[in-house]
Amino acid sequence: MMLTIKDLHARVEDKVILKGLNLEVKPGEVHAIMGPNGAGKSTLGYVMSGRDGYELVSGSIEMNGDDLMELEIEERAQKGLFLAFQYPVEIPGVSNMEFMKESVNAMRKARGEEALTAAEFLKMAKEACKQVNLPLDFLKRGVNEGFSGGEKKRNEIMQLILLKPALAILDESDSGLDIDALKVVADGVNSQRDGKRSFIVVTHYQRLLDFIEPDYVHILSDGVIVKSGGPELAKEVESTGYAWLGKPVESEEAGA
Amino acid sequence: MSDWLAQVIDRADAVASAQNDELSSARLSALSELKQQKWPTRRTEAWRYTSLHPLEDMTLPALSNDTPAVPDIDGLEPIDFVFVNGKLQGNMPALPAGLSIGGLTDSTMQAAATEVFGTVKPRTHLFGLVNDVLATDGLVIDVAAGASIARPLRIVNVVTAGAETHHRVLVRIGDGASVSVIEHGAGSGASVNTAFAEYALGAKAHLEHYRFALHSGDAIHIGGAHFSLGTEARLNSTLVGYGSQLSRLDYDVIHAGQHAHAKLNAVYLLGPREHFDLHTNIEHAVANGTTEENARGIIGDRARAVFNGRIHIHRDAQKTLAELNNRNLLLSRGGNISTKPELEIYADDVQCAHGATVAEIDDKALYYMLSRGIKREQALVMLNFGFIQELVQQMPSKALAQWLEPQLRARFVEMDTRNGS
Chain A
5 MMLTIKDLHA
15 RVEDKVILKG
25 LNLEVKPGEV
35 HAIMGPNGAG
45 KSTLGYVMSG
55 RDGYELVSGS
65 IEMNGDDLME
75 LEIEERAQKG
85 LFLAFQYPVE
95 IPGVSNMEFM
105 KESVNAMRKA
115 RGEEALTAAE
125 FLKMAKEACK
135 QVNLPLDFLK
145 RGVNEGFSGG
155 EKKRNEIMQL
165 ILLKPALAIL
175 DESDSGLDID
185 ALKVVADGVN
195 SQRDGKRSFI
205 VVTHYQRLLD
215 FIEPDYVHIL
225 SDGVIVKSGG
235 PELAKEVEST
245 GYAWLGKPVE
255 SEEAGA
Chain B
130 MSDWLAQVID
140 RADAVASAQN
150 DELSSARLSA
160 LSELKQQKWP
170 TRRTEAWRYT
180 SLHPLEDMTL
190 PALSNDTPAV
200 PDIDGLEPID
210 FVFVNGKLQG
220 NMPALPAGLS
230 IGGLTDSTMQ
240 AAATEVFGTV
250 KPRTHLFGLV
260 NDVLATDGLV
270 IDVAAGASIA
280 RPLRIVNVVT
290 AGAETHHRVL
300 VRIGDGASVS
310 VIEHGAGSGA
320 SVNTAFAEYA
330 LGAKAHLEHY
340 RFALHSGDAI
350 HIGGAHFSLG
360 TEARLNSTLV
370 GYGSQLSRLD
380 YDVIHAGQHA
390 HAKLNAVYLL
400 GPREHFDLHT
410 NIEHAVANGT
420 TEENARGIIG
430 DRARAVFNGR
440 IHIHRDAQKT
450 LAELNNRNLL
460 LSRGGNISTK
470 PELEIYADDV
480 QCAHGATVAE
490 IDDKALYYML
500 SRGIKREQAL
510 VMLNFGFIQE
520 LVQQMPSKAL
530 AQWLEPQLRA
540 RFVEMDTRNG
550 S
């Protein structure tokens, strides 16, 4: 199993956000997690990646047999976890190129592989940069510095392509994108689907799922998965919205 | 008067009677000035945040005779002058046409020496006066009018444990001449060093200046660089300073001629418990001058940095354009920075801006980097370097910038590991 989440309860500061989330992802699968604002969609990615302030209350998260919660943030990444940020961080003064090279080489080192030379990395980076349709001078600029929202999202996908993670979580990688940018993001993700890598696509809207076809769709509401199904579930959400997740449904499903 | 200053004055009298050269009268005048000076305390504004206790309490160990290697710089072929504990090593190198260089008391250099000695550096610097009366070692550099010196001059000043040295550099740059000077100071053992440099730039003269004050640990380093700019002269100066138990530098830039331009970049990097104090003073005495000053510091745990940047625009200095910016990054809550930009403007038609900021490591940036598998130590080095890299990249010499980069990264590791210990 790529990922096994059991009865996950997690809180941000004093507020419990995830309230008993269960999820299993096999190698090669694409899972979509949909839900209204405030359901806890982003919290899941932050808890998994180890962001400060996102605290596990109870339950467990295993990735490839490792207890994620026992690992440092960078170790989780080195074991193959990748989070494409909803709001990628600007780091002035650190070039995108240097950032990604250090990152790729950190992963290689963890796997016992030789570090790439600057020339080897540059070749890879240029290809990835073209693949996400960003001008090459974006490699020289500060990490996300002055990038537009769409450029930041594409920069995340460029990192995904370079890092080749075992499990990637895409946190609202579609938000704020026009249809062309959306296709670039989706194509980038699809190019990485090889039957072994797994993806969790977190999104508010069904739109992205027209381009990245999920194997499973889960509806997250108030910190628990209230409904799971195939791609048709996403279509259903598209036509009915999240209104049906009224209070009665929530209390009925709570603790499930 | 402190015991330390009293023994300086005793020795100065001895120096004055032993040296009989063209600088003697200037030394005597400095000595009488020094005798009037009060020993700074915390109530002395210029020394408010820097205690002289380490100097007062310093007992020098036996003199160490190890001679640290002088760094090679790829792509740079400097004309080297290496001083160990004040003494010039080897012979004077061969010099290109238009350049004359000699020792401080060299009779052939007296014209340039007397013109520059004590005339650029203001008399307000107590340790500058100490240097005036005690420095017998150093260099006088005279660049003939119109000469363009292609190779940079590098003055390496190594101070070993147990040494007390007073080093002086006097540089006269003739009208329309251009030269690049690198002052490289280093030493980490218990030692006392004052090092002052004065640069007099003629009309349309151009100086590319670097000062690497890489003293650390127990080395006490007090010094300065002082520049007087003639009409349309251009100064581009970069300072890189490490902290030590006591490091203090004073910079003065005097716009003496109109339409001169001064660019001053400074970076200071303090390891745990280190102290670094930079006072800069820009005097716009005449109209139409421009100054662009950027200082950035990174301050380790329980370290203390002091930055005081004064810009003084005199009444006649209309159309002055001056900018001063100071940014600081604290690596821990235990670090301390006192920053004070000071603008004194007496002319009404000027453009002047200043700013100072103090920040901590950006947690979100750090998390982002960790989430990409980069180790914490490495991520911190990258963030630190990112904070200052703009100033490193602005160095006119790419070869020097490339040489400096790994040194600074190593410094960051040192700043952090000692931080964690």
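These protein sequence lines are chains A and B, in that order.
When you read off a place in the first sequence, starting at 1, and then add 4, the result is the number in my numbering.
When you read off a place in the second sequence, starting at 1, and then add 129, the result is the number in my numbering.
Heads up, the beta-carbon is just placed ideally off N, CA and C, and yes, glycines get one too.
Pull up the distance between the alpha-carbon of R425/B and that of G352/B, whole angstroms please. The residue given as residue 425/B occupies position 296 in the second sequence. The residue given as residue 352/B occupies position 223 in the second sequence. So the two alpha carbons sit approximately 19 Å from each other.
For E185/B, is the classification buried or exposed, using 16 other Cβ atoms within 10 angstroms of its Cβ as the cut-off for buried? In the second sequence, residue 185/B corresponds to position 56, counting from 1. E185/B comes out exposed.
If you run the structure through DSSP and keep just helix, strand and coil, what is V269/B? Along the second sequence, read from residue 1 onward, the residue named residue 269/B stands at position 140. The answer is strand: DSSP assigns V269/B an E or B state.
Same chain, Cβ closer than 8 Å to E176/A, five either side skipped, listed in chain order: Position 172 of the first sequence holds residue 176/A. Counting only Cβ-Cβ distances below 8 Å, and skipping sequence neighbours, we find K45, S46, Q90, V206, T207 and H208.
Per DSSP, what kind of secondary structure is M273/A in: helix, strand or coil? Examination of residue 273/A is not possible in this model, given that chain A is present from 5 through 260 alone.
Count the other CB atoms within 10 Å of the CB of R462/B; is the residue buried (16 or more) or exposed (fewer)? Working through the second sequence from its first residue, we reach residue 462/B at position 333. It is exposed - the Cβ of R462/B has fewer than 16 other Cβ atoms within 10 Å.
G372/B to P470/B span [Cα, whole Å]: Locating residue 372/B in the second sequence gives position 243, where the first residue counts as 1. Locating residue 470/B in the second sequence gives position 341, where the first residue counts as 1. If I take the Cα positions, the gap works out to 21 Å.
By Cβ distance, which residues of its chain are closer than 7 Å to Y58/A, with the 5 residues on each side in sequence left out? To locate residue 58/A, count along the first sequence from 1; it is residue 54. Taken in chain order, the residues that qualify are A14, V16, T47, Y50 and V51.
Whole angstroms are fine: how far does the CA of T486/B sit from the CA of H441/B? The count along the second sequence starts at 1 and reaches residue 441/B at position 312. The count along the second sequence starts at 1 and reaches residue 486/B at position 357. Between H441/B and T486/B, the C-alpha separation is close to 21 Å.
Cutting at 8 Å between CB atoms, please list the residues of its own chain near R80/A, excluding the five before and the five after it. Walking along the first sequence from the start, residue 80/A turns up at place 76. Once the five neighbours on either side are set aside, the close Cβ partners of R80/A are M52, S53, G54, M67 and L72.
Using a Cβ cut-off of 7 Å, which residues of the stretch 138-159 of chain B contact any Cβ in chain A, in chain order? none
Around the C-beta of T468/B, are 16 or more other C-beta atoms found within 10 angstroms, so that it is buried, or is it exposed? Stepping through the second sequence from its first residue, residue 468/B is reached at position 339. Buried, by the Cβ-count rule.
E244/B and A342/B: beta carbons closer than 8 Å? In the second sequence, residue 244/B corresponds to position 115, counting from 1. In the second sequence, residue 342/B corresponds to position 213, counting from 1. Not in contact: E244/B and A342/B (Cβ atoms no closer than 8 Å).
For K504/B, return the contacting residues in chain A, with the cut-off set at a CB-CB distance below 7 Å. By one-based count along the second sequence, residue 504/B stands at place 375. Those are E78 and A110, listed as they occur along chain A.
Is it the case that the Cβ atoms of V34/A and D219/A are separated by a distance below 8 Å? For the purposes of this step, residue 34/A is identified with residue 30 of the first sequence, where counting begins at 1. For the purposes of this step, residue 219/A is identified with residue 215 of the first sequence, where counting begins at 1. Closer than 8 Å, so yes.
Quick one: which chain B residues come within Cβ less than 7 Å of D71/A? In the first sequence, counting from the first residue as 1, residue 71/A sits at position 67. Correct list: empty, because the minimum Cβ distance to chain B is about 18 Å.
Starting from the C-beta of E106/A, find all residues in its chain whose C-beta is less than 7 Å away, skip the five residues before and the five after it, and write them out in chain order. For the purposes of this step, residue 106/A is identified with residue 102 of the first sequence, where counting begins at 1. Result list for E106/A: empty, nothing under 7 Å.
Report buried or exposed for R558/B, applying the criterion of at least 16 other Cβ atoms within 10 angstroms of its Cβ. Absent from the model: residue 558/B. The displayed extent of chain B is 130 to 550, so no value can be given.
Please tell me whether G549/B has its Cβ less than 8 Å away from any Cβ of chain A. Walking along the second sequence from the start, residue 549/B turns up at place 420. Caution applies to G549/B, whose pLDDT of 46 falls short of 50 and renders its modelled position unreliable; the value that the coordinates give is listed next. It does not: the Cβ of G549/B has no partner Cβ on chain A nearer than 8 Å.
Distance between N423/B and Y397/B (C-alpha atoms, nearest Å): Counted from its first residue, the second sequence places residue 397/B at position 268. Counted from its first residue, the second sequence places residue 423/B at position 294. Looking at the two C-alpha atoms, the distance is approximately 11 Å.
Give a yes or no on whether 8 Å exceeds the smallest Cβ distance from Q196/A to chain B. Position 192 of the first sequence holds residue 196/A. For Q196/A, the answer is no, since every Cβ of chain B falls outside 8 Å of its Cβ.
DSSP on S179/A, reduced to helix/strand/coil? On the first sequence, position 175 is the one that residue 179/A refers to. Residue state, collapsed to three classes: coil.
State the CB to CB distance for the pair I284/B and E312/B, rounded to an integer number of angstroms; the pair is presumed to be in contact (CB under 8 Å). For the purposes of this step, residue 284/B is identified with residue 155 of the second sequence, where counting begins at 1. For the purposes of this step, residue 312/B is identified with residue 183 of the second sequence, where counting begins at 1. Contact holds; Cβ gap of about 5 Å.
If you measure between the beta carbons of H254/B and D139/B, is that distance less than 8 Å? Within the second sequence, the letter at position 125 stands for residue 254/B. Within the second sequence, the letter at position 10 stands for residue 139/B. Cβ distance not < 8 Å, so H254/B and D139/B don't count as in contact.
8 Å Cβ cutoff, A494/B in contact with chain A: Sequence index remark: in the second sequence, residue 494/B carries index 365 (1-based). Yes - at least one Cβ of chain A is within 8 Å of the one on A494/B.
Buried/exposed call for I183/A, threshold 16 Cβ in 10 Å: Walking along the first sequence from the start, residue 183/A turns up at place 179. By the neighbour-count rule (16 or more Cβ atoms within 10 Å), I183/A is not buried but exposed.
Are the beta-carbon atoms of M111/A and A132/A separated by less than 8 Å? To locate residue 111/A, count along the first sequence from 1; it is residue 107. To locate residue 132/A, count along the first sequence from 1; it is residue 128. Result no, Cβ atoms of M111/A and A132/A do not sit closer than 8 Å.
Of the residues Q135/A, K239/A and I95/A, the one placed nearest Q196/A, counting alpha carbons only: Locating residue 196/A in the first sequence gives position 192, counting from the first residue. Nearest option by C-alpha distance: Q135/A.
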